[in-house]
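Undergrad: Structure incoming, see below.
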Amino acid sequence: MNLSEMGKFFIEQTTHPTPGKTLMKTELKAKFLQHILGKKKEGEGFTLIELLVVIIIIGILSAIALPSFLNQAKKAKQSEAKTYVGSMNRGQQAYMTENDAFTASIDSMGIGISTQTANYKFTASTGTNNTLAYAINDSSLVTSSSGLKNYGGHVYLKKIGANSELTSIAYLCETNNVGPRGSATITAGGTTCNSAGKLIK
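Residues 1 to 201 in full-length UniProt numbering are what the sequence shown spells out, letter by letter.
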């Protein structure tokens, strides 16, 4: 007798009881309830194997995702230095336009950035190459073990056109390795990054 037939029989016995079958009716009720409760228990909870499989899958996915997550965290910190040194380059160009000289003072650039953050220190220096002025802006790490790259910016004057008019040109470099100062990527008076870094913009 399947579950549907048992249910119909149970209903018939309840609504139309037959004399002398009270004991059978009680036994049938008990068996019917045991059957329903037994089915319910079978579908409850997880087995140990199922839990282990889920834990293993989560572990594998975590192992795949963690390096990517840590790399993104480093990139976010490095973007701070990239933005600051880029701002210093533009600040030097604006300062040159107003004062006919570059400056070694970050405050004088008027760009409103701090000379030190939680991860980086920022410096500026000036010089001349073949009588043409240049400025080097760079970042260095506050903690050498942080595993972050540094950035160096270079702004220099270049003669252009038939009248040899001077214009300021800027570029930004990222160090190839973690640790070295950003200025390691700059050759004073050069027009691009040296072998210690790569050109960002």
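Beta carbons are placed, not taken as given, at the ideal position from N, Cα and C, and that holds for glycine. As the structure is a prediction and not an experimental result, all values here were calculated from the model.
Would S87 pass as a contact of I64 if the rule is Cβ separation under 8 Å?
TA: If you number the sequence shown from 1, residue 87 lands on position 87. If you number the sequence shown from 1, residue 64 lands on position 64. Contact: no.
Undergrad: Going by C-alpha to C-alpha distance, which of L148, L157 and T143 sits closest to D100?
TA: Counting from one through the sequence shown, the residue named residue 100 turns up at place 100. Closest by alpha carbon: L157.
Undergrad: Assuming contact is defined by CB atoms lying nearer than 8 Å, are Q92 and N129 in contact in what I supplied?
TA: Position 92 of the sequence shown, counting from 1, holds the residue named residue 92. Position 129 of the sequence shown, counting from 1, holds the residue named residue 129. Contact: no.
Undergrad: Just list the beta strand (DSSP E) runs in the segment 85-138, keeping only unbroken ones of 3 residues or longer that don't cross its boundaries, in chain order.
TA: You should have 120-129.
Undergrad: Is it true that the CB of C173 sits closer than 8 Å to the CB of L199?
TA: Numbered from 1 along the sequence shown, position 199 holds the residue referred to as residue 199. Numbered from 1 along the sequence shown, position 173 holds the residue referred to as residue 173. Closer than 8 Å, so yes.
Undergrad: What does DSSP give as the partner residues of residue 204 in its beta bridges?
TA: With the chain covering only 1 through 201, there is no way to say anything about residue 204.
Undergrad: Based on the DSSP secondary-structure assignment, which residues constitute the bridge partners of L199?
TA: On the sequence shown, residue 199 is found 199 positions in, with the first residue counted as 1. Paired residue(s): C173.
Undergrad: Under three-state DSSP, which class holds G152?
TA: In the sequence shown, the residue the question calls residue 152 occupies position 152. DSSP places G152 in strand when its eight states are reduced to three.
Undergrad: With distance defined between alpha-carbon atoms, name the residue in A188, V178 and E27 nearest to Q78.
TA: For this step, residue 78 is matched to residue 78 along the sequence shown. Nearest C-alpha to Q78: V178.
Undergrad: Is the CB-CB distance between G182 and Y134 below 8 Å?
TA: The residue you call residue 182 lines up with position 182 of the sequence shown. The residue you call residue 134 lines up with position 134 of the sequence shown. Taking 8 Å as the Cβ cut-off, G182 and Y134 do not qualify as a contacting pair.
Undergrad: Applying the criterion that 16 or more other CB atoms from any shown protein chain within 10 Å of the CB defines a buried residue, is S168 buried or exposed?
TA: Along the sequence shown, one-based indexing puts residue 168 at 168. Buried, because 16 or more other Cβ atoms sit within 10 Å of the Cβ of S168.
Undergrad: Below 8 Å between beta carbons: does that hold for M109 and Y95?
TA: The residue given as residue 109 occupies position 109 in the sequence shown. The residue given as residue 95 occupies position 95 in the sequence shown. Yes.
Undergrad: In terms of DSSP beta bridges, what is L141 paired with?
TA: Locating residue 141 in the sequence shown gives position 141, where the first residue counts as 1. Looking at the DSSP assignment, L141 forms a beta bridge with Y120.
Undergrad: Please return the same chain residues whose Cβ sits closer than 6 Å to the Cβ of residue 276, not counting the five positions on each side in sequence.
TA: Nothing about residue 276 can be read from this structure; the chain reaches only from 1 to 201.
Undergrad: Which same chain residues end up closer than 7 Å to residue 214 when comparing Cβ atoms and leaving out the 5 residues on each side of it in sequence?
TA: Residue 214 falls outside the range modelled here, since the chain spans only 1 to 201, and no answer is possible.
Undergrad: Taking the CB atoms as reference points, tell me whether T175 and K149 lie closer together than 8 Å.
TA: Here the question's residue 175 lines up with position 175 in the sequence shown. Here the question's residue 149 lines up with position 149 in the sequence shown. Yes, these two residues count as a Cβ contact at 8 Å.
Undergrad: Using 8 Å for Cβ pairs, my map puts S105 next to A76. What's the rounded Cβ distance?
TA: What you label residue 105 is simply residue 105 of the sequence shown in a count that begins at 1. What you label residue 76 is simply residue 76 of the sequence shown in a count that begins at 1. Actually they do not touch by this definition, with Cβ atoms about 28 Å apart.
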